């Protein structure tokens with residue numbers, strides 16, 4: 001499963017990727033604002049948004065892109081490894 005993470009801390013990026021691999025997920029992390037974010041996301045099957053570390057502009061851009069592509073979004077205020085694990089398990093569990 002391909003999942004995109006928007007937000008979070010730069011220093012935890014490696015740990016985010018390791019935790020995703022432990023869950024069997026390929027994770028792409030965008031911890032900083034980047035131009036053309038929607039084109040860089042690619043073929044994501046889910047989007048995780050850490051809301052405390054992103055601007056409103058990036059949040060709105062990500063939500064609009066996810067809505068247009070019919071990608072499920074999981075938002076979490078905190079940006080720790082446990083928060084990521086919880087979001088990943090929610091992505092993997094059937095609705």
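Numbering (full-length UniProt numbering), first residue to last: 1 to 95.
Heads up, the beta-carbon is just placed ideally off N, CA and C, and yes, glycines get one too.
Note that the structure is a prediction, hence the values are computed from the model and not measured.
### Query
Where in the segment 9-94 do unbroken runs of the beta strand (DSSP E), each at least 3 residues long, occur, reported from the N-terminal end onward?
26-30, 46-50 and 73-76, all fully within the segment 9-94.
### Message
Which residue wins for smallest C-alpha separation from residue 58, given the options 22, 20 and 8?
### Response
Residue 8 is the option with its Cα nearest to residue 58.
#### Entry: Test item: CB-CB of residue 46 and residue 79 under 8 Å
No, they are not a contact pair.
#### Entry: Integer Cβ distance of residue 52 from residue 74, believed to fall under 8 Å
Here residue 52 is actually not in contact with residue 74; their C-beta atoms are around 14 Å apart, not less than 8 Å.
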